[in-house]
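Engineer: Have a look at this one before I ask anything.
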Amino acid sequence: MDLFNNDQLSLFGASKNLLPFDGEVLFYPHFFKQDVFEQLVNETPWKQDKMKIYGKEVNFPRLTAWYGESDEVYVYSGVVNVPVRFSPLLLDIKQAAERQSGHRFNTALLNYYRDGNDSMGWHSDDETELGGNPVIASVSFGASRVFQFKHKRDKHARVSIALNNGDLLIMQGQTQHHWLHQVPKTSKMQGARINITFRFIG
1 MDLFNNDQLS
11 LFGASKNLLP
21 FDGEVLFYPH
31 FFKQDVFEQL
41 VNETPWKQDK
51 MKIYGKEVNF
61 PRLTAWYGES
71 DEVYVYSGVV
81 NVPVRFSPLL
91 LDIKQAAERQ
101 SGHRFNTALL
111 NYYRDGNDSM
121 GWHSDDETEL
131 GGNPVIASVS
141 FGASRVFQFK
151 HKRDKHARVS
161 IALNNGDLLI
171 MQGQTQHHWL
181 HQVPKTSKMQ
191 GARINITFRF
201 IG
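The UniProt record's numbering puts the first residue of the sequence shown at 1, with every later residue one more than the last.
Listed below in structure tokens is the structure:
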């Protein structure tokens with residue numbers, strides 16, 4: 001499957017950094033030309049994880065799935081994730097993201113935002129397993145959602161961008177050291193969205 005937009009290859013050679021300082025986030029709009037949202041919805045073994053808030057167990061405000069090349073588990077937010085093997089579709093998407101970023105990825109976290117009530121709170125992808133300056137490729141399919149950054153020390157430094165179907169975002173450099181990011185709830189969302197974040201766990 002040719003998911004990568006070869007006709008526009010020359011357009012994706014460079015991208016302006018979305019962050020003003022202390023990190024690098026590169027944005028490639030409409031990077032994937034084929035809409036695979038429904039296929040991802042149907043073939044992914046989604047699960048409903050739970051977390052504890054003030055001692056009470058509540059559902060994550062989204063569905064998730066964890067993929068990897070090996071059997072190594074990944075723990076975040078207190079949830080133990082045992083990887084599923086990459087599907088042919090996810091391998092195609094991963095390889096296109098690898099070509100653009102110049103980095104290899106061996107895991108993928110999929111988040112399924114079913115409506116505007118599903119969200120992801122402020123966090124950094126700074127787990128030890130990801131290394132000192134992780135490169136993370138984020139791919140969006142389905143409905144548009146706002147993606148936000150805020151600096152950990154400078155309260156006035158904020159960046160917001162709408163991620164649409166087929167968009168690719170690459171976070172690298174010092175980004176995870178200095179910035180938090182989130183997908184906030186919204187009452188304006190039309191339809192559902194899937195986000196895939198590819199990482200390398202050493």
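In this text, a Cβ means the ideal position worked out from N, Cα and C, and glycines have one as well.
In this text, all values refer to a predicted model and were calculated from it rather than measured experimentally.
With contact counted as at least three CB pairs below 8 Å, one residue from each stretch, are the stretch 93-112 and the stretch 57-71 in contact?
Structural biologist: The stretch 93-112, when compared against the stretch 57-71, does touch it at the 8 Å Cβ threshold.
Engineer: Taking the alpha carbon of residue 84 as the reference point, which residue from 78, 93 and 74 has its own alpha carbon closest?
Structural biologist: Of the candidates 78, 93 and 74, the one whose C-alpha sits nearest the C-alpha of residue 84 is 74.
Engineer: Can you tell me the Cβ-Cβ gap for residue 192 and residue 142, rounded? I've got them flagged as a contact below 8 Å.
Structural biologist: The Cβ separation is near 5 Å, so the contact holds.
Engineer: Taking the C-alpha atoms as reference points, what is the distance between residue 144 and residue 167?
Structural biologist: Their Cα atoms are separated by approximately 10 Å.
Engineer: Suppose you measure from the CA of residue 48 to the CA of residue 24; what does that come to, to the nearest Å?
Structural biologist: Their backbone Cα atoms lie some 32 Å apart in a straight line.
Engineer: In the stretch 20-78, which residue ranges form an unbroken beta strand (DSSP E) of at least 3 residues, counting only runs that do not cross its ends?
Structural biologist: 24-28, 50-53, 56-59, 63-68 and 74-76, all fully within the stretch 20-78.
Engineer: What residue from 182, 30 and 186 has the CA that sits closest to residue 123's CA?
Structural biologist: Out of 182, 30 and 186, 182 has the C-alpha closest to the C-alpha of residue 123.
Engineer: Determine the DSSP secondary structure at residue 94, reduced to helix, strand or coil.
Structural biologist: Note: residue 94 maps to helix in three-state DSSP.
Engineer: So, does the stretch 88-95 touch the stretch 149-157, judging by three or more C-beta pairs under 8 Å?
Structural biologist: These segments do not touch.
Engineer: Is it buried or exposed, residue 162, if we count other Cβ atoms within 10 angstroms and call 16 or more buried?
Structural biologist: The residue in question, residue 162, is exposed, as its Cβ has fewer than 16 Cβ neighbours within 10 Å.
Engineer: Taking all protein chains shown into account, decide if residue 11 is buried (16 or more other Cβ within 10 angstroms of its Cβ) or exposed.
Structural biologist: With a pLDDT of 43 at residue 11, under the threshold of 50, the modelled position of this residue cannot be trusted; read the value that follows with caution. Exposed, by the Cβ-count rule.
Engineer: Is the Cβ-Cβ distance between residue 111 and residue 197 less than 9 Å?
Structural biologist: Yes, they are a contact pair.
Engineer: I'd like to know if the stretch 26-33 and the stretch 49-59 are in contact, where contact means that at least 3 CB-CB pairs between them fall below 8 Å.
Structural biologist: No, the stretch 26-33 does not touch the stretch 49-59.
Engineer: Would you say the beta carbon of residue 112 is closer than 8 Å to some non-hydrogen atom of the ligand SAH?
Structural biologist: Absence of the ligand SAH is noted for the structure shown, with no ligands found whatsoever.
Engineer: Figure out for me which residue from 121, 102, 135 and 201 has the closest Cα to the Cα of residue 180.
Structural biologist: When only C-alpha atoms are compared, the closest one is 121.
Engineer: Beta strand (DSSP E) containing residue 182: first to last residue?
Structural biologist: Note, residue 182: beta strand (DSSP E), 179-183.
Engineer: DSSP on residue 107, reduced to helix/strand/coil?
Structural biologist: Residue state, collapsed to three classes: strand.
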